[in-house]
Amino acid sequence: ASAKVANQARPDVARVYATVQNAGNSGFSYTFENVRLTPGHSYSLVSRYSTSAEGNGDNNGSKYTDIWLNGTTLNEAHYYVDSITPSKDGLHVSGWMISDNAIGRGNAYIILMNNGKEVNRAKVNFTQRGDVAKVYPRVYNSLNSGFSVDIPANLASRTGNLQLIFRFAGDPAGNNNYTDQYSQNYATNAGNFDSV
């Protein structure tokens with residue numbers, strides 16, 4: 010996609026690049042609407058000045074110059090568990106989850122595993138997390154990444170290790186066209202002799 014943009018005043022740039030002719034009028038801001046991005050692909054922005062109103066050079070004497078801005082590859086994924094609390098009805102989990110692979114996969118789930126087998130799952134309705142967006146501004150939908158869910162489970166009957174899967178899926182039930190992140194293992198019981 011490409012768009013013609015109107016330059017904006019940038020006195021801060023003019024102070025740093027005083028010898029560059031258009032430094033004081035070098036700002037721009039534009040949102041590309043209806044652009045379909047693909048996870049795993051690399052994208053770059055090109056800033057172009059052209060003598061042609063169409064933005065390209067041609068054989069009729071028009072010219073252009075390009076500056077390639079820092080590109081990005083849509084392949085980041087992160088999560089964090091703020092709290093994990095057993096309750097009489099199961100497990101309460103809160104935190105956040107983000108992934109560039111969530112593009113086109115609008116159904117989020119947290120799945121509780123016990124020794125590698127699914128116990129139960131909860132669908133996630135995201136809340137805003139400005140702190141996450143501040144740290145990961147370039148990861149897809151990082152502002153809307155917070156969760157607080159209850160996963161029904163009888164934890165009293167469980168032994169071994171528990172684990173959480175953070176899933177984005179294209180399938181409303183969360184079983185097909187998905188991408189996962191795995192938590193650490195959580196022990197169902199523990200003990201220690203300080204002395205005997």
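Counting in the numbering used here, the sequence shown runs from 10 upward without gaps.
The C-beta atom is built at its ideal place from N, Cα and C for all residues, glycine as well.
For residue i: DSSP bridge partner residues
i, result
"H87", "I107"
"F177", "A117 and T188"
"Y73", "S59"
"H101", "T94 and D159"
"N129", "L121"
"L171", "N123 and Y195"
"G36", "Q17"
"T136", "G155"
"Y52", "T81"
Own chain residues within Cβ distance below 6 Å of residue i, not counting five before or after
i, result
"N129", "L121, I160, P161 and A162"
"V29", "none"
"Y88", "M106, F175 and Q190"
"T94", "H101"
Beta-carbon spacing of residue i, residue j below 8 Å
i, j, result
"G179", "G113", "yes"
"Y118", "V133", "yes"
"Y1", "G80", "Residue 1 falls outside the range modelled here, since the chain spans only 10 to 205, and no answer is possible."
"I107", "S157", "no"
"N123", "R167", "yes"
"G104", "V90", "yes"
"A165", "L152", "no"
"L54", "L83", "no"
Inter-residue Cα distance where the pair is residue i and residue j
i, j, result
"A10", "Y191", "35 Å"
"P20", "V144", "27 Å"
"Q137", "E42", "22 Å"
"D140", "K97", "31 Å"
"S92", "V25", "46 Å"
"S35", "A27", "12 Å"
"D75", "N16", "16 Å"
"Y73", "N31", "15 Å"
CB-CB length for residue i against residue j, believed under 8 Å
i, j, result
"S71", "S56", "At roughly 17 Å, the Cβ-Cβ gap does not stay under 8 Å, so S71 and S56 are not in contact."
"N116", "P48", "About 15 Å separates the two Cβ atoms, so there is no contact after all."
"T188", "L171", "With 8 Å as the limit, T188 and L171 do not qualify as a contact, their Cβ atoms being about 21 Å apart."
Contacts around residue i, its chain only, beta-carbon distance under 8 Å, and the 5 residues preceding and following it disregarded
i, result
"E127", "I120 and L121"
"G33", "A18, R19, P20, V22 and A23"
"N185", "A178 and G179"
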